[in-house]
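Peer 1: Sharing a structure below in structure tokens format, with a few things to ask.
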Amino acid sequence: MTYATRRKIVSRIAEAACGVAVLLALLPLAMILFYVIKEGAGSLNLAFFIHTPKPVGEAGGGMANAIVGTLILIGIAALFAVPVGCIAGVHLSEYPDTRFSSAVRFAADVLNGVPSIVIGIFAYGLVVLPVKHFSALAGGVALGLLMLPIVVRTTEELLRLVPAGLREGALALGATRSRAVFSVILPAALPGILTGILVALARVAGETAPLLFTALNNTYWSTNVTQPIASLTVQVFTYAISPYDDQHRQAWAGAFLLVMIILSLSIIARLAVRRLERMNRP
Amino acid sequence: MTAKIRVRDFDFYYGDAKVLHGIDLEIPETQVTALIGPSGCGKSTFIRSINRMNDVIPDAHGEGTIEVDGKNIYAPGTDVVSLRRRVGMVFQKSNPFPKSIYDNVAYGLRIGGTRKKQELDETVETSLQRAALWNEVKDRLHESAFALSGGQQQRLCIARALAVDPEILLMDEPASALDPIATTKIEELIWNLKQSYTIVIVTHNMQQAARVSDRTAFFMLGKVVEYAETNTIFMNPKEKMTEDYVTGRFG
Amino acid sequence: MHIQRHFDRDIEEIKAMLLRMGAMVEESMQQSIRALLESDLAIAEQVIANDDRIDQMEVQIDQHVIELIAKMQPAAGDLRFVATVMKITPELERIADLAQDVCERVIELSREPTIKPLVYLPRLAEDSQTMVREALDAFVRGDAELARKVIRNDDVVDRLTEDSFRALLTYMLENPRNISAAIRLTFIGKYFERMADGATNICEMVVYLVEGRMIKHEHA
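Residue numbers (my numbering), protein chains in the order written: chain S, 85 to 366; chain F, 33 to 283; chain Z, 921 to 1140.
Structure representation (structure tokens):
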């Protein structure tokens, strides 16, 4: 066969191999989705959304408090991680070569790699022990610590990507350096930073371990941050290891809901970025 | 002819490298002065020294005197922020902020403390008119600045610079990224603006310098080779180097 | 989409200066013809004295044009305009010089016995004057057709010059005392013929300006 024909065949084989690899990579995700939908979608009824859990052994009830709890927890986490992380990111991008910045960067990377359960223990020691109380606040702090390195690094990277011309333009109009950063450069990087935040939120919404000894869990309706609070993840965990079928059913429903929440957050991130970028694209 | 800017024995360094040598120039007010010369001759560095934009470059510093209205802007303790409000700058690549057209023009005013809506509205309109852009954007002031064409964006940057009412306007190759029609519009704009502003323009396009300026300075290797009325430089220059450059005998 | 350029003002100014010069030259021609026909020495002196002003205008206009070229780098029609102006000014200056020459001969003629009647010379002079005036009109209006008409008329002027010369020859043969005056009148005829040639040259440039075609030395 000619060289040309052989090349074509090799090319086709390579393409096919790539396709198969992609399918293999997507397979686990597809299987998870399929399973979760199959087991959980059916149990997602109105009761699930508006009822609190029934006492152990009784059938029925829902995870309303857990849904609200998760939202409160990631809200506290964001409240803590976003301002601190953004300002840290600003500092890193403004003073990229100092020793202090290198140290901060290193610390953020290390923090990123710390197992979530260790973060949980730290939050336990920091917030729970002094007041001898589990609380939503502690859980929020733990999740916030998990979010922090992502926000810092995303902010720094995106600020770096803002064209230098914008800074010059602001300075030439008589802006001080900090004014230039906060009124021009940060807003310019905002779409990307928001994506980073939403992605980080999606990630911590799915954490279980750090919540186990900080926010604990709560079978009752509570929005008090100084009290333990229910969360979707912990509730799913609790129900999954319980001996009751009805609770298993609800666990699947909770898992399905979690997946949906994370999916939605990602989609919202995408859409928000697209709208903001329309404002931004030169 | 009053000298708005007086430069005396000005040197500039990037680290240890000396890029401007003993510059001596007097730039008259309400005229257009063009700086021409081959790439790397120092004209951009020089113009950025007039509003101390070079300060943002680490290890860069200037020695000597640049007087604006008689005050040396390189004297220790000079308020660089207020200097930049008196000496505006327009860049080669237009750099509108990712905000609306209105917010772009109002930016300088707002950071200067102006809050009243009426004042902002009036100044925005005046500036856009002075930049010959008002008629094209008056119905869409709150659209993104990026919806404008390249030439319009550059005029927007000019309007933004004019809004803070500077006395001097520095322009670093303002039309080099634009098509011929947009370039002509900018050149005519500069011609009209010089009635109220002192303008210094860097251009690598000699013909543009000839069309637009009253006086021209020819820079080479960080020095001013010749500085005279534009007609003289392009019709009858004194220095052979100037003649060679202007006739295109060396780039 | 027409953009107003500040050079348009410079071009209009050059045009205006050229027309002022043209008016002055037409005036000189007119006065020289009067001086000839009325033997008026005062007018002749005046024409001779005015020539300096016309020379100065030529220099001024040329200077303006060169500055405009340096500043504007004109192209297409603008370029043909400046080229045309630079070729018209010396023609106008020469026409004015010729009018001055006519007046010098008129002064000399006043000291000699006159020859009458002058048959062809007045017509020749009028025709030349008309040609110069129409040449300038053609320039102002950008009228190539008028320019071509003027160019064609040059043949008529040439014939009139020849006729005038023959008539003057007759006078010379009649009476030797007429020779001096007749020769001066012959010169005057020649001067007017050359003024007509100048008008022709101007018209050739007008055709170039309007159509972009160089018809010099072609004479279609």
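Glycine is no exception: its CB is placed at the ideal position from the N, C-alpha and C atoms.
So F:Val-64 and F:Asp-246 are supposed to be a Cβ contact under 8 Å. How far apart are they, rounded?
Peer 2: 5 Å
Peer 1: Taking a Cβ distance cut-off of 8 Å, strictly less, list which residues of the region 1050–1069 of chain Z are near chain F, in chain order.
Peer 2: The residues in question: there are none.
Peer 1: If we cut at 8 Å on Cβ distances, does Z:Ala-1003 have a partner in chain F?
Peer 2: Interface with chain F (8 Å Cβ-Cβ cutoff): Z:Ala-1003 is excluded.
Peer 1: Helix or strand or just coil, what does DSSP make of F:Ile-68?
Peer 2: strand
Peer 1: Can you tell me whether DSSP reads Z:Ala-1140 as helix, strand or coil?
Peer 2: Confidence in Z:Ala-1140 is poor, its pLDDT being 49 and thus under 50, which makes the residue's placement unreliable; the coordinate value appears in the next sentence. DSSP places Z:Ala-1140 in coil when its eight states are reduced to three.
Peer 1: Helix, strand or coil: which one does DSSP assign to F:Met-203?
Peer 2: strand
Peer 1: Using the beta-carbon of each residue, which ones in chain Z are nearer than 8 Å to F:Asn-263?
Peer 2: Glu-987, Ala-990, Lys-991
Peer 1: Whole angstroms are fine: how far does the CA of F:Ile-105 sit from the CA of Z:Val-1130?
Peer 2: Each residue's Cα considered, the two are about 56 Å apart.
Peer 1: Assuming F:Lys-125 and F:Val-234 form a contact by the criterion Cβ under 8 Å, report the distance between their Cβ atoms to the nearest whole angstrom.
Peer 2: That belief does not hold up - the Cβ atoms of F:Lys-125 and F:Val-234 are roughly 13 Å apart, past 8 Å.
Peer 1: On the DSSP letters alone, give me the boundaries of the beta strand (DSSP E) that F:Ala-35 sits inside.
Peer 2: 35–46
Peer 1: If I'm right that S:Thr-239 touches S:Gly-173 with Cβ under 8 Å, what's the distance once you round it to whole angstroms?
Peer 2: The pair is a contact, with the Cβ atoms about 3 Å apart (cut-off 8 Å).
Peer 1: Give the range of the beta strand (DSSP E) segment to which F:Met-121 is assigned.
Peer 2: 119–122
Peer 1: Give the interface partners of S:Ser-267 over in chain F, defined as CB-CB distance under 9 Å, in chain order.
Peer 2: Phe-129, Tyr-139, Arg-142, Ile-143
Peer 1: Kindly indicate if chain S contains any beta-carbon less than 8 Å away from that of F:Phe-123.
Peer 2: yes
Peer 1: Going by beta carbon distance, what residues of the same chain come within less than 8 Å of S:Leu-285, once the five residues before and after it are set aside?
Peer 2: Ile-158, Ala-161, Ala-162, Met-231, Leu-349
Peer 1: Does the distance from the CB of S:Met-147 to the CB of S:Gln-334 come in under 8 Å?
Peer 2: yes
Peer 1: Do you know offhand how far F:Lys-36's Cα is from F:Leu-57's?
Peer 2: 11 Å
Peer 1: For the candidate residues Z:Ala-969, Z:Thr-1004, Z:Thr-1081, Z:Val-1060, whose alpha-carbon lies nearest to that of Z:Asp-982?
Peer 2: Considering only alpha carbons, the answer is Z:Thr-1004.
Peer 1: Nearest chain Z C-beta to F:Gln-239 closer than 8 Å, yes or no?
Peer 2: yes
Peer 1: How would you list, in chain order, the residues of chain F whose beta-carbon sits under 9 Å from the beta-carbon of S:Glu-178?
Peer 2: Result: empty, since nearest Cβ-Cβ is about 12 Å, beyond 9 Å.
Peer 1: If S:Trp-336 sits next to S:Glu-123, beta carbons under 8 Å apart, how far is it from one beta carbon to the other, in whole angstroms?
Peer 2: Contact flag correct, Cβ pair sits at about 4 Å.
Peer 1: If you follow the alpha helix (DSSP H) that S:Leu-242 is part of, which residue opens it and which one closes it?
Peer 2: 220–245 is the extent of the alpha helix (DSSP H) around S:Leu-242.
Peer 1: Could you tell me whether the Cβ of F:Arg-243 comes closer than 8 Å to any Cβ of chain Z?
Peer 2: yes
Peer 1: Could you check where the alpha helix (DSSP H) with Z:His-926 kicks off and where it finishes?
Peer 2: Segment 926–958, the alpha helix (DSSP H) holding Z:His-926.
Peer 1: Starting from F:Glu-99 and walking both ways along the beta strand (DSSP E), at which residues does that stretch end?
Peer 2: Run containing F:Glu-99: 92–100, per the beta strand (DSSP E) assignment.
Peer 1: Going by CA-CA distance only, name the one from S:Leu-300, S:Val-120, S:Thr-86 that's closest to S:Lys-378.
Peer 2: Since the displayed chain S opens at 85 and closes at 366, residue 378 of chain S lies outside it and no answer follows.
Peer 1: Which residues, in chain order, does the region 210–221 of chain F contribute to contact with chain Z at a C-beta distance below 8 Å?
Peer 2: Ile-213, Thr-216, Lys-217, Glu-220
Peer 1: Closest Cβ-Cβ distance between F:Asn-83 and chain S: below 8 Å?
Peer 2: yes
Peer 1: Going by DSSP, name the residue or residues bridged to F:Leu-52.
Peer 2: F:Phe-44
Peer 1: Go ahead and label F:Ser-181 buried or exposed: buried means 16 or more other beta carbons lie within 10 angstroms of its beta carbon, across all protein chains shown.
Peer 2: exposed
Peer 1: Could you check the C-alpha separation between F:Leu-152 and F:Gly-145 for me, to the nearest Å?
Peer 2: Taking C-alpha positions only, F:Leu-152 is separated from F:Gly-145 by approximately 11 Å.
Peer 1: Output, in chain order, the set of chain F residues within a Cβ distance shorter than 8 Å of S:Ser-263.
Peer 2: Per the sequence presented here, residue 263 of chain S reads as Arg, with Ser not at that position. Ordered by position in chain F, the residues that pass the 8 Å Cβ test against S:Arg-263 are Ile-143.
Peer 1: On the DSSP letters alone, give me the boundaries of the beta strand (DSSP E) that F:Ala-249 sits inside.
Peer 2: 247–252
Peer 1: Closest to F:Phe-178 by CA distance: which of S:Ile-93, S:Leu-360, S:Arg-90 is it?
Peer 2: S:Leu-360
Peer 1: DSSP three-state label for F:Ser-176, please.
Peer 2: strand
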